[in-house]
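Heads up: the protein sequence lines correspond to chains A and B, in order.
Sequential numbering from 14 applies to the first sequence in our numbering.
Sequential numbering from 10 applies to the second sequence in our numbering.
For every residue, glycine included, the Cβ atom is placed at its ideal position computed from N, Cα and C.
These numbers come from a predicted model, not from an experiment.
For reference, the structure is listed below as structure tokens.
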Amino acid sequence: MFSIRERVSSAAGRMLLCAAVFWSVAPLGWFVIQSFKSRADALAVPPRVLFQPTLRNYIQLFGGTVPDDYTSSVTVGFPQALGLSFLIALLAATLAVVVGSPAGYLIARMRRRRWDLLGLILGTRMLPVVVVVMPILAMAIAASLTDSVLGLALVHGALGLPLVIVVVAVQPISVLERLREQASLDGVSVARQFAVLVVPALFPAVLAGAMLAFLSSWNEFFFALVLGGEQIRTAPVVLAGFQTLRGVQWGLVAAASTAMIVPVVLVVFLLTRPMVWRSMTRTWVPR
Amino acid sequence: MLHLRWRRWRVLALAPALLWLGAVSVYPLAVIVLQALRPGTSRSIRLFEAISDPHVVEALGRTARLVAIVVPIQLLVGVAVGTQIGLLQRGRTVVLVLVALPMFVPPIAIGLMWRFLLEPTRGPIASVSKSLFGLTVEGFSTTTSAFRNLALISIWQWSAFVAIVVAVAVATTPRSLLDQAFLDGLTPAARFRNVIWPRIRESALILLLVQTLETIRTFDLVYVLTQGGPGTATELLSFLVFERAFQFNDPAGAAGAVMMMWGISTTLMMVGLFVFRVRLSGRSTVYV
């Protein structure tokens with residue numbers, strides 16, 4: 014049936030895929046496993062594959078007490094940091110959606126210069142953060158927005174905004190626009206056109222953009238470090254601080270990292286749900 | 010009448026977004042340029058001071074070296090893996106999500122994770138390679154190994170992203186086209202060259218630009234892994250700027266290097282966009 018060359022090539026392709034999945038998943042998997050090890054298992058050389066799993070790292074991380082604990086000072090503030098990160102990411106994503114989705118829809122309707130505008134908008138995201146951070150810090154100090162949730166959310170929102178705009182702006186809306194035209198000929202008010210036609214049609218794209226904006230704030234470190242100051246310490250900032258205290262507590266670091274990754278995986282899982290996934294892949298399909 | 014109202018809407022909807030983006034990009038750039046064009050400690054302006062500063066030039070060289078190592082590998086791996094994923098007929102989404110995981114993990118967690126994995130004495134990679142191949146793993150203690158590991162982690166982090174974009178572009182290839190090419194007796198390599206590559210060429214070019222800019226931006230990994238060390242082995246330009254501005258508390262002194270960095274990024278972006286503009290117009294195959 015199939016020639017040898019076909020079989021070799023398809024086998025090689027499968028092997029490449031297996032290798033790629035392993036390469037992406039194995040390091041993360043091992044790190045997550047590490048978070049369930051006791052101190053003795055974590056320190057064993059060679060590393061133990063079989064061990065008695067324990068939740069002690071998580072208990073310690075979230076402020077509980079565990080026997081023979083001499084590292085409690087390390088973990089102070091991680092649950093609060095997670096909460097803060099969540100709050101800031103939610104606020105940033107909301108702001109980005111409120112400001113970005115009308116702009117995205119407008120750009121989707123543009124006939125000329127659309128890609129120039131999108132290129133410029135995406136270009137703001139490609140700037141190295143160290144380039145823009147100092148004037149932004151000066152602005153934040155002038156507006157007394159350092160050490161504040163709102164200040165950080167405004168900066169993070171600006172990182173998410175291009176993502177929202179682009180995801181909405183690349184939606185194919187020609188059919189939608191024709192329907193709207195028909196509706197307005199039939200005397201339907203503009204507000205109702207939006208409520209019945211535009212918002213439902215663009216909702217999946219807006220949702221996808223919101224999730225991407227949420228993720229980019231949740232994972233962001235540099236602005237959080239510089240603008241957050243003493244009070245507003247987001248989860249990545251606290252996580253980066255773990256390594257300096259009393260050597261590196263790998264069990265705790267792994268547990269904290271896992272606690273940061275779990276919401277991300279949930280969001281990514283949501284992104285692959287048919288409704289969202291369809292809207293995002295549709296954006297990639299040539300019209 | 011309707012037309013005029015529409016125009017007003019357009020301004021209303023676009024203005025907040027553009028103002029917001031301008032406040033965090035255009036305005037800071039203007040401030041930086043003004044600062045960099047002022048005279049520094051010597052008689053010349055800060056930008057020229059930075060250009061003639063050996064530390065800055067070395068950091069720039071390290072950044073360029075990292076780009077030269079990392080970006081071609083990311084593209085090769087990403088295109089190969091992404092093509093295979095795009096050609097899958099079942100389970101494409103699952104494989105895509107699994108392969109894409111690194112791109113969603115916070116960079117700080119990525120750095121800490123690899124520091125743990127690459128620990129020379131207790132790390133899992135060290136013990137596996139020692140028992141299987143008799144090789145020892147060097148962590149981040151020597152200059153060459155620190156830089157090599159930084160490149161490795163950067164490749165791990167971003168190949169996934171390249172693979173996703175390529176996979177999505179490949180997935181839009183009509184099945185009938187591939188089947189026809191197969192029936193016409195094209196070899197797998199010829200099918201890739203003639204059917205698949207033309208569909209992903211533009212994505213690949215854009216990714217070349219995006220990944221170059223992304224690698225120039227690299228900061229979190231250096232911060233959490235090496236703090237630029239040992240010595241200055243992994244002190245990329247972005248980290249040098251951070252050190253001068255925040256650790257040595259001299260933001261104005263860093264302005265020259267900052268403007269240099271901005272100039273390089275923007276030039277690359279402009280050249281890239283200019284080259285791709287014509288090819289891209291009227292299509293929406295690329296999502297960044």
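Should A:LEU225 and A:LEU176 be called a contact, given that it needs their Cβ atoms to be closer than 9 Å? yes
Counting Cβ pairs, one atom from each stretch, are 3 or more of them under 8 Å apart for the segment 70-90 of chain B and the segment 233-246 of chain B? yes
So what does DSSP say about A:ILE186, is it helix, strand or coil? coil
Please confirm whether B:ALA155 and B:VAL146 have their CB atoms less than 9 Å apart. no
Under 8 Å Cβ to Cβ from B:GLU252, same chain only, skipping five residues before and after it: list those, please. GLY237 and GLU244
List, in chain order, every chain B residue whose beta-carbon is nearer than 9 Å to that of A:THR137. LEU30, GLY31, VAL33, SER34 and VAL35
For A:THR296, the three-state DSSP class (helix, strand or coil): Below a pLDDT of 50, predicted positions are generally treated as unreliable, and A:THR296, at 44, falls in that range; the measurement from the model is reported next regardless. Of the three classes helix, strand and coil, the one that applies to A:THR296 here is helix, per DSSP.
Can you list, in chain order, the residues of its chain with a C-beta nearer than 7 Å to that of B:LEU105? Leave out the 5 residues immediately preceding and following it. ILE94, ILE173 and ALA176
Do the segment 155-169 of chain A and the segment 38-56 of chain B meet, that is, are 3 or more Cβ pairs less than 8 Å apart? no
Cβ shell of B:PRO129 (< 8 Å), same chain only, five flanking positions each side left out: ALA135, THR145, VAL146, GLU147, GLY148 and SER150
Below-9 Å beta-carbon distance, B:PHE142 vs any chain A residue: no
Locate the alpha helix (DSSP H) running through A:PRO249, then write down its first and last residues. 248-254
In the DSSP output, which residue or residues are listed as bridge partners for A:PRO40? In DSSP, A:PRO40 forms no bridge with anything.
Cβ neighbour criterion (16 or more within 10 Å) applied to B:GLY87: buried
If the cut is a Cβ gap below 9 Å, which residues of chain B does A:GLU19 touch? PHE191, THR196 and PRO197
Backbone CA spacing between A:THR67 and A:ARG52 [nearest angstrom]: 10 Å
What separation, rounded to the nearest whole angstrom, lies between the Cα atoms of A:ILE154 and A:PRO59? 50 Å
Shortest alpha-carbon distance to A:GLU233 belongs to which of A:VAL38, A:SER98 and A:GLY90? A:SER98
Kindly indicate the opening and closing residues of the alpha helix (DSSP H) around B:ASN6. Coverage of chain B is limited to positions 10 through 297, which leaves residue 6 of chain B absent and any answer about it impossible.
Please classify B:LEU193 as buried or exposed, where buried requires at least 16 neighbouring CB atoms within 10 angstroms. Rather than Leu, the amino acid found at residue 193 of chain B in this sequence is Asp. Its Cβ having fewer than 16 others within 10 Å, B:ASP193 is exposed.
For B:GLY240, count the other beta carbons within 10 Å of its own beta carbon; 16 or more makes it buried, fewer makes it exposed. Which is it? exposed
On the three-state DSSP scale, how would you describe B:ILE82? helix
According to a CB-to-CB cut-off of less than 8 Å, which residues of the segment 205-238 of chain B neighbour chain A? VAL219, LEU222, GLU223, ILE225, ARG226, PHE228, ASP229, TYR232 and VAL233
Cα-Cα separation, B:PRO37 to A:VAL143: 11 Å
When the cut-off is 9 Å and only beta carbons count, does B:PRO48 lie next to chain A? no
At a Cβ threshold of 9 Å, is B:LEU167 touching chain A? At residue 167 of chain B the sequence reads Trp, which differs from the Leu that was named. B:TRP167 does not count as touching chain A.
List the residues of chain A that B:ALA68 touches, going by C-beta distances under 9 Å, in chain order. The premise fails here: B:ALA68 is roughly 12 Å from chain A at the closest Cβ pair, so nothing lies under 9 Å.
is_contact[A:PHE255, chain B] using C-beta, thresh 9 Å: yes
At least three beta-carbon pairs within less than 8 Å, the segment 20-27 of chain B to the segment 110-124 of chain A: yes
For A:PRO141, go through chain B and note every residue whose CB falls closer than 7 Å to its CB, in chain order. ILE225, ARG226, SER247, MET270 and SER274
I'd like to know whether the C-beta of A:SER51 is nearer than 9 Å to at least one C-beta of chain B. no
Does the distance from the CB of B:MET112 to the CB of B:PHE170 come in under 9 Å? yes
Helix, strand or coil at B:VAL205 according to DSSP, with G and I counted as helix: The question names Val, but residue 205 of chain B is Ile in the sequence shown. B:ILE205 falls in the helix class under three-state DSSP.
Please classify B:GLY279 as buried or exposed, where buried requires at least 16 other C-beta atoms within 10 Å of its C-beta. The sequence shown places Met at residue 279 of chain B, rather than the Gly named in the question. Exposed, because fewer than 16 other Cβ atoms sit within 10 Å of the Cβ of B:MET279.
A:SER85 to A:VAL145, Cα distance in whole Å? Residue placement at A:SER85 is flagged as unreliable, the pLDDT there being 49, under the threshold of 50; the coordinate-derived value follows with that caveat. Distance between the alpha carbons of A:SER85 and A:VAL145: 37 Å.
Quick check on A:ILE17: does DSSP put it in helix, strand or coil? helix
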